[in-house]
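I have placed the structure first, in the form of structure tokens, so that the comments after it can refer back to it.
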Amino acid sequence: MEPDMDDMENISPERMTELKDCFRTFDRDGSGTISMTEFQSALMNNGIYVEDSEIKRLIMEFDDDGSLTLDFEEFVSLIAQLDPKIGQDIEINKGFKLFDKDQDGYITRYEVKFALDRFGVKISKEDFEFLFSCTDANNDGLISQEGTCLA
Numbered sequence: 211m212e213p214d215m216d217d218m219e220n221i222s223p224e225r226m227t228e229l230k231d232c233f234r235t236f237d238r239d240g241s242g243t244i245s246m247t248e249f250q251s252a253l254m255n256n257g258i259y260v261e262d263s264e265i266k267r268l269i270m271e272f273d274d275d276g277s278l279t280l281d282f283e284e285f286v287s288l289i290a291q292l293d294p295k296i297g298q299d300i301e302i303n304k305g306f307k308l309f310d311k312d313q314d315g316y317i318t319r320y321e322v323k324f325a326l327d328r329f330g331v332k333i334s335k336e337d338f339e340f341l342f343s344c345t346d347a348n349n350d351g352l353i354s355q356e357g358t359c360l361a
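Going by my numbering, 316 is the number at position 106 of the sequence shown; the sequence numbering is gapless.
Here it is as structure tokens:
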């Protein structure tokens with residue numbers, strides 16, 4: 211499965227740091243890739259026992275270059291499939307970017323109105339203000355991903 215570089219960009223910096231640390235732990239020989247043996251050993255060290263054939267199947271599914279090892283991007287793709295939280299983070303970030311028209315990391319009232327109009331959603335002014343106030347956690351007139359329930 212080919213890694214989606216957009217997905218890599220949609221993972222929070224904190225989660226990416228965790229993934230890099232995890233990758234380094236799995237990559238015991240420091241080669242920059244995780245072999246089947248390293249992968250299985252790391253899982254076993256965490257109390258997870260998986261058959262050789264299942265390890266090989268997983269690696270082959272995400273190993274884009276046929277090396278029977280996982281580089282970091284392939285590892286992230288595999289983990290994103292196995293860890294629903296990472297997959298959810300990716301989807302939330304993609305959704306946030308749909309509204310954040312100028313990609314400045316904040317969603318303004320105008321951007322919300324623009325997106326709602328674009329998607330054909332009609333709501334009253336009162337409902338709009340309620341929606342915006344519920345997501346503008348610090349009442350600065352901007353919705354930031356970190357300041358909402360989406361973070």
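The C-beta atom is built at its ideal place from N, Cα and C for all residues, glycine as well. Every value quoted in this text rests on a predicted model; they were computed, and no experiment measured them.
Worksheet item: What whole-angstrom Cβ distance do Thr279 and Ile244 have, given they're in contact under 8 angstroms?
Response: 6 angstroms
Item to complete: Measure the Cβ-Cβ separation of Phe324 and Lys311 and say whether it is below 8 angstroms.
Response: yes
Worksheet entry | Neighbourhood of Glu248 by C-beta, 8 angstroms cutoff - its chain only, sequence neighbours within 5 removed | Phe236, Asp237, Arg238, Asp239
Worksheet item: Considering Glu264, what are the terminal residues of the alpha helix (DSSP H) in which it resides?
Response: Here the alpha helix (DSSP H) through Glu264 covers 262-272.
Fill in: DSSP beta-bridge partners of Ile244
Leu280
Discussion item. Less than 8 angstroms between the C-beta atoms of Gly242 and Asp281, yes or no?
Written reply: yes
Item to complete: Whole angstroms is fine: what's the gap from Glu339's alpha carbon to Gln313's?
Response: 22 angstroms
Discussion item. With H, G and I counted as helix, E and B as strand and the rest as coil, what does DSSP make of Ser354?
Written reply: Annotated three-state conformation of Ser354 is strand, per DSSP.
Practice prompt. Classify Tyr259 as helix, strand or coil using the three-state DSSP reduction.
Written response: coil
Item to complete: Look at Gly315 and Ser354 and say whether their C-beta atoms are less than 8 angstroms apart.
Response: yes
Discussion item. Using the Cβ count rule (16 or more neighbours within 10 Å means buried), how would you classify Ser277?
Written reply: exposed
Practice prompt. Kindly indicate the opening and closing residues of the alpha helix (DSSP H) around Val322.
Written response: 319-328
Discussion item. Under DSSP, the alpha helix (DSSP H) around Cys343 begins and ends at which residues?
Written reply: In the sequence on display, residue 343 carries Ser and not Cys. 335-345 is the extent of the alpha helix (DSSP H) around Ser343.
Worksheet entry | Opening and closing residue of the alpha helix (DSSP H) in which Asp231 lies | 223-236
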